[in-house]
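> Have a look at the structure that comes next, please.
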């Protein structure tokens, strides 16, 4: 059975949160499968001011990335 090497990256910025999903092929090259983005709610000037809003924004970006890539992120 072939092992699937999926990788997810999370970028939390002051204006948006982005999630990228990729897969390593047999040669070690990364192939982008999908991205998800969400406005960065609960972050002001680089500081978390409302943790629940930040978590909600992260979940939204993850949901988008899962939908586009067809992969489940855990």
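In my numbering, the protein residues as written are 2 to 75.
For glycine and all other residues, C-beta sits at the position ideal for the given N, C-alpha and C.
Computed from a prediction, not measured in an experiment: that's the story for all the values here.
1) Kindly provide the ranges of any alpha helix (DSSP H) runs that are 4 or more residues long and lie completely inside the segment 15-63, ordered along the chain.
2) Distance, Cα to Cα, residue 37 vs residue 11?
3) Answer yes or no: do residue 31 and residue 22 have a C-beta to C-beta separation smaller than 8 Å?
4) If you check the beta carbons only, do residue 43 and residue 61 fall under 8 Å apart?
5) Using CA coordinates, which residue listed in 6, 19, 50, 14 is at the minimum distance from residue 69?
In brief:
1) none
2) In the chain shown, residue 37 corresponds to position 36, counting from 1. In the chain shown, residue 11 corresponds to position 10, counting from 1. Taking the straight line joining both Cα atoms gives about 10 Å.
3) Taking the first residue of the chain shown as 1, we reach residue 31 at position 30. Taking the first residue of the chain shown as 1, we reach residue 22 at position 21. Contact flag unset, no.
4) In the chain shown, residue 43 corresponds to position 42, counting from 1. In the chain shown, residue 61 corresponds to position 60, counting from 1. No, the pair does not count as a contact, with Cβ atoms beyond the cut-off.
5) Counting from one through the chain shown, the residue named residue 69 turns up at place 68. If we check each option's Cα against that of residue 69, 19 comes out closest.
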